[in-house]
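Visitor: Have a look at this one before I ask anything.
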Amino acid sequence: MNSHSLTAPARRDLMRPLRYLWRVPLLLLHIVLGILLCSLVLTWRRDVVMKNGREPFAHRTIRWWSTALLRIFGLRSVRVGTPLADPVLFVANHTSWIDIELLHSQRAACFVAKAEIASWPLVGWLASAGGTIFHRRGSNHSLAAVMQVMVDRLRAGRSVAVFPEGGTGHDGVLRVFHARIFQAALDAEVPVQPVALRFARDGRRVIDAGFRQHENFMQNFLRLLGEAPLDAEVHFLEPVPATPDARRRMAETSRERIALALEDKPGNDKQA
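Quick note on numbering: full-length UniProt numbering labels position 65 of the sequence shown as 65, and the sequence is numbered without any gaps.
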């Protein structure tokens, strides 16, 4: 954890009640809009593969909706670096449910997420409509099935995004990356691109924007809805070389690059 990273302010935030006053109505309207857009996207489900580097209508719709959702929560989506064209396996650090929307604000992809998310209010429905691949933790049968779906999606030309830590981290700690998940990229013969998801205020990392220890989904959702504005950065990093005989090295290299991008340092060129 970087010594310059920020935690939540100790003093009382007097603006929090006022933020709820205008953000809650906007969120409800955005949910209604999301339902309508999902119906439209499902109608255009055949248009889900990037062609000649151009995003299909469904992908642009997902990015716009996710960006607007982040703004309602006071998060300004910022891109650093360039995402590879489909298909690619994106591997990212994981701190909160909002990580999915954060990456979607810059690039639509099929996520691999824990099965419990499917039952979460709003997020679960949106995740299912967006093509999320749900995995039941601790089940080898579930993991084998998920891996096969990942390979099928990648071979079909769609990108897949995963959180190799296997769960959310707390207090800015980046956990060990599981190597097995990288086999999907090797089997589908697609590149692996690490993605660092970083929350910051005035250029300094805020480490508790994600889940706090023992905090559940609804507690985190309500806390973030009242938080002061933050930059939500999506760092697309240098692709990791494919090494068929060393999945562990691919995982370690991805983790090292993400850890470096999470550190506080001046001079990054950011693109909103």
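Virtual Cβ for every residue (Gly too), placed ideally from N, Cα, C.
Report yes if the C-beta distance between Ala188 and Leu224 is below 8 Å; otherwise report no.
Guide: No, Cβ-Cβ distance for Ala188 and Leu224 is not below 8 Å.
Visitor: Would you tell me roughly how many angstroms separate the C-alpha atoms of Gly167 and Val91, rounded to the nearest one?
Guide: Their Cα atoms are separated by approximately 13 Å.
Visitor: Over what stretch of residues does the beta strand (DSSP E) that includes Ile258 continue unbroken?
Guide: Ile258 -> not in any beta strand (DSSP E); alpha helix (DSSP H) instead, spanning 247–262.
Visitor: So what's Pro191 in DSSP terms, helix, strand or just coil?
Guide: If DSSP states are grouped into helix, strand and coil, Pro191 belongs with coil.
Visitor: Going straight from the alpha carbon of Thr132 to that of Val112, what length do you get?
Guide: Each residue's Cα considered, the two are about 6 Å apart.
Visitor: Name the DSSP beta bridge partners of Ile133, please?
Guide: Answer by DSSP bridge pairing, in chain order: Val112.
Visitor: Do you know how far the Cα of Leu237 is from the Cα of Val88?
Guide: For Val88 and Leu237, the distance between alpha carbons rounds to 13 Å.
Visitor: Going by beta carbon distance, what residues of the same chain come within less than 6 Å of Leu75, once the five residues before and after it are set aside?
Guide: Cβ within range, chain order: Leu230, Ala232.
Visitor: Please go through the same chain and pick out, in chain order, the residues whose beta-carbon is closer than 6 Å to the beta-carbon of Leu260, but skip the five residues on each side of it.
Guide: Nothing meets the Cβ criterion.
Visitor: Along the chain, where does the beta strand (DSSP E) containing residue 273 start, and where does it finish?
Guide: One cannot answer for residue 273 here, as it falls past the ends of the chain, which runs 1 to 272.
Visitor: How many whole angstroms separate the CB atoms of His170 and Ala251, which I take to be in contact at a CB cut-off of 8 Å?
Guide: Not quite, the Cβ-Cβ distance comes to about 21 Å (not below 8 Å), so this is no contact.
Visitor: Name the two residues that bound the continuous beta strand (DSSP E) containing Phe236.
Guide: Taken as a continuous stretch (DSSP letters only), the beta strand (DSSP E) holding Phe236 covers 230–236.
Visitor: In angstroms with no decimal places, state the Cα-to-Cα distance between Val146 and Phe163.
Guide: One C-alpha to the other measures close to 13 Å.
Visitor: Could you please give the first and the last residue of the uninterrupted alpha helix (DSSP H) stretch that includes Arg63?
Guide: Counting along the chain, the alpha helix (DSSP H) containing Arg63 begins and ends at 57–72.
Visitor: Please state the DSSP three-state secondary structure of Leu197.
Guide: Leu197 falls in the strand class under three-state DSSP.
Visitor: From the DSSP secondary-structure annotation, give me the bridge partner or partners of Ser77.
Guide: Ala232, per the DSSP bridge assignment.
Visitor: Can you grab the Cα-Cα spacing for the pair His30 / Thr243, in whole Å?
Guide: One C-alpha to the other measures close to 43 Å.
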